[in-house]
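Enquirer:
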Amino acid sequence: MTRDLPPLREVIAAHGLAADKRFGQHFLLDLNLTRKIARLCGDMSDATVFEVGPGPGGLTRALLEEGAGRVVAIEKDARFVAALAEIAAAFDNRLSVVEADALTVDETAIVSEGRRIVASNLPYNVGTALLIKWLEAEPVWWDRLVLMFQKEVAERVVAKVADKSYGRLAILTAARAKPRYAMSLPARAFTPPPKVDSAVVVLDPLPADQRFADIEALSLVTESAFGQRRKTLRKSLAQAAGRAGTSSEALLQATGIDPGARAETIAPQGFMDLARAWRAAKG
27 MTRDLPPLRE VIAAHGLAAD KRFGQHFLLD LNLTRKIARL CGDMSDATVF EVGPGPGGLT
87 RALLEEGAGR VVAIEKDARF VAALAEIAAA FDNRLSVVEA DALTVDETAI VSEGRRIVAS
147 NLPYNVGTAL LIKWLEAEPV WWDRLVLMFQ KEVAERVVAK VADKSYGRLA ILTAARAKPR
207 YAMSLPARAF TPPPKVDSAV VVLDPLPADQ RFADIEALSL VTESAFGQRR KTLRKSLAQA
267 AGRAGTSSEA LLQATGIDPG ARAETIAPQG FMDLARAWRA AKG
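In this text, residue positions in the sequence shown follow my numbering: the first is 27, and each later residue adds one.
Next comes the structure, spelled out in structure tokens:
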């Protein structure tokens with residue numbers, strides 16, 4: 027029991043709630059697990075915690091229990107609003123619910139000052155897109171991201187060069203943040219259980235002087251390189267180079283990268299160098 031709130035399964039039954047596949051919903055009802063995730067946020071007493079897709083509020087309760095100064099729940103599915111309102115009432119209205127699409131909402135317009143943390147069991151169908159949105163944000167407005175993904179996606183976020191999971195997502199992450207793989211969760215922990223296991227990743231922003239600024243160029247170059255990852259960079263970068271009015275050979279020569287190399291063998295710094303060369307060529 028949490029502050030006289032009924033168990034989550036009773037809340038789901040009372041409000042006639044069910045996970046909607048269209049929104050990639052899977053509920054995490056084990057409060058021991060949600061507390062562990064909440065604790066990964068660190069000290070939240072002076073922070074606003076943004077939670078995307080709270081559903082019936084399992085993680086929401088844990089964040090409030092663990093001392094979040096304020097939680098802003100961004101929920102696209104209006105069915106959950108009444109259940110979340112009950113949590114808000116039980117926790118002195120430290121919870122605010124915003125009915126919106128997290129892909130388009132402006133978090134800084136909701137909370138303009140103070141420390142801001144994102145903690146979320148991300149809907150599977152938009153998890154990667156949301157991470158990229160937050161990584162691309164300029165200026166970086168968040169102080170920590172605590173995000174649950176499908177395990178395969180989590181492995182892609184933290185992958186190192188030459189790892190099987192290494193690719194565009196790992197490079198975009200490395201350009202802006204320091205990620206760590208925090209914990210795994212089996213499919214059976216969820217209701218309904220998904221077909222794959224999940225994992226939580228914690229990302230802390232790099233200091234301002236270490237962050238790579240030109241995410242647009244980096245995104246374009248990595249998309250081209252890994253879109254044809256079986257090909258050499260001489261071939262896979264041709265499309266991106268053409269958009270800058272140059273050749274892949276010229277970009278690779280400018281950065282000292284072997285034209286015969288493949289994308290998965292190049293460290294994030296190499297792609298940042300390529301992005302700078304691409305921008306210089308585009309003018």
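We treat Cβ as the ideally placed atom computed from N, Cα and C, and that holds for glycine.
In this text, all values refer to a predicted model and were calculated from it rather than measured experimentally.
Which residues share a DSSP beta bridge with Tyr207?
Expert: Taking the sequence shown and counting its residues from 1, one reaches residue 207 at position 181. Bridge partners of Tyr207: Val227.
Enquirer: Could you check whether Val227 and Leu173 sit closer than 8 Å to each other, using their CB atoms as the reference points?
Expert: For the purposes of this step, residue 173 is identified with residue 147 of the sequence shown, where counting begins at 1. For the purposes of this step, residue 227 is identified with residue 201 of the sequence shown, where counting begins at 1. Going by C-beta atoms, Leu173 is nearer than 8 Å to Val227.
Enquirer: Under three-state DSSP, which class holds Thr248?
Expert: Residue mapping note: residue 248 aligns to position 222 of the sequence shown, counting from 1. DSSP places Thr248 in helix when its eight states are reduced to three.
Enquirer: Whole angstroms are fine: how far does the CA of Phe106 sit from the CA of Glu139?
Expert: Looking up residue 139 in the sequence shown gives position 113. Looking up residue 106 in the sequence shown gives position 80. Their Cα atoms are separated by approximately 27 Å.
Enquirer: Ignoring anything shorter than 4 residues or poking outside the segment 115-151, list the alpha helix (DSSP H) runs there in chain order.
Expert: With a minimum length of 4 residues, the continuous alpha helix (DSSP H) runs that stay inside the segment 115-151 are 133-136.
Enquirer: Residues in its own chain within less than 6 Å of Ser122 by CB, not counting five upstream and five downstream?
Expert: Numbered from its first residue, the sequence shown carries residue 122 at position 96. Cβ within range, chain order: Val98.
Enquirer: Can you give me the Cβ contacts of Asn147 inside the same chain, cut-off strictly under 6 Å, excluding the 5 residues immediately before and after it?
Expert: Looking up residue 147 in the sequence shown gives position 121. Taken in chain order, the residues that qualify are Leu54, Leu85 and Met174.
Enquirer: Mind checking Arg269: buried by the 16 CB within 10 Å criterion, or exposed?
Expert: Residue numbering aside, residue 269 sits at position 243 when the sequence shown is read from its first letter. Arg269 comes out exposed.
Enquirer: Going by other Cβ atoms of all chains shown within 10 Å of its Cβ, with 16 needed for buried, is Asp189 buried or exposed?
Expert: On the sequence shown, position 163 is the one that residue 189 refers to. It is exposed - the Cβ of Asp189 has fewer than 16 other Cβ atoms within 10 Å.
Enquirer: So the beta strand (DSSP E) Arg170 belongs to, where does it begin and stop?
Expert: Against the sequence shown, residue 170 aligns to sequence position 144. Residues Arg170 to Gln176.
Enquirer: In the DSSP output, what is Leu54 paired with across the bridge?
Expert: By 1-based counting over the sequence shown, the position of residue 54 is 28. Phe216, per the DSSP bridge assignment.
Enquirer: What does the alpha-carbon distance come out to for the pair Ala163 and Arg260?
Expert: The residue labelled residue 163 in the question sits at position 137 within the sequence shown. The residue labelled residue 260 in the question sits at position 234 within the sequence shown. Ala163 and Arg260: Cα-Cα distance of roughly 30 Å.
Enquirer: Compare the Cα-Cα distances from Ala293 to each of Thr154, Ala239, Leu244 and Trp167 and report the closest residue.
Expert: Along the sequence shown, read from residue 1 onward, the residue named residue 293 stands at position 267. Of Thr154, Ala239, Leu244 and Trp167, the residue nearest in Cα terms is Leu244.
Enquirer: Using DSSP's beta-bridge definition, name the partner residues of Arg19.
Expert: With the chain covering only 27 through 309, there is no way to say anything about residue 19.
Enquirer: If you follow the beta strand (DSSP E) that Glu275 is in, where does it begin and where does it stop?
Expert: Indexing the sequence shown from 1 puts residue 275 at position 249. Run containing Glu275: none in the beta strand (DSSP E); it sits in the alpha helix (DSSP H), Ser274 to Thr281.
Enquirer: What whole-angstrom Cβ distance do Arg96 and Arg61 have, given they're in contact under 8 Å?
Expert: On the sequence shown, residue 96 is found 70 positions in, with the first residue counted as 1. On the sequence shown, residue 61 is found 35 positions in, with the first residue counted as 1. About 18 Å separates the two Cβ atoms, so there is no contact after all.
Enquirer: Which residue or residues does DSSP assign as beta-bridge partners of Ile100?
Expert: Counting from 1 along the sequence shown, the entry for residue 100 is found at position 74. For Ile100, which the question treats as bridged, DSSP gives the partners Val78 and Val124.
Enquirer: Would you list the one or two residues that DSSP bridges to Leu66?
Expert: The residue you call residue 66 lines up with position 40 of the sequence shown. For Leu66, which the question treats as bridged, DSSP gives no partner whatsoever.
Enquirer: Classify Ala108: buried if its beta carbon has 16 or more other beta carbons within 10 angstroms, exposed otherwise.
Expert: By 1-based counting over the sequence shown, the position of residue 108 is 82. By the 10 Å Cβ count, Ala108 comes out exposed.
Enquirer: So, at 6 Å on beta carbons, what are the nonlocal neighbours of Gly287 in its own chain, with the 5 sequence-adjacent residues on each side left out?
Expert: In the sequence shown, the residue the question calls residue 287 occupies position 261. Note that residue 287 is Ala in the sequence shown, not Gly. Excluding sequence neighbours, Ala287 sits near Leu259.
Enquirer: Hey, is the segment 201-220 in contact with the segment 126-139, meaning 3+ C-beta pairs nearer than 8 Å?
Expert: No: the two stretches stay apart, fewer than three of their Cβ pairs being nearer than 8 Å.
Enquirer: Quick check on Ala234: buried or exposed, where buried means 16 or more other Cβ atoms within 10 Å of its Cβ?
Expert: Here residue 234 corresponds to residue number 208 of the sequence shown, with the count starting at 1. The residue in question, Ala234, is exposed, as its Cβ has fewer than 16 Cβ neighbours within 10 Å.
Enquirer: How would you call Ala40, buried or exposed, if buried means at least 16 neighbouring beta carbons within 10 angstroms?
Expert: The count along the sequence shown starts at 1 and reaches residue 40 at position 14. Label assigned to Ala40: exposed.
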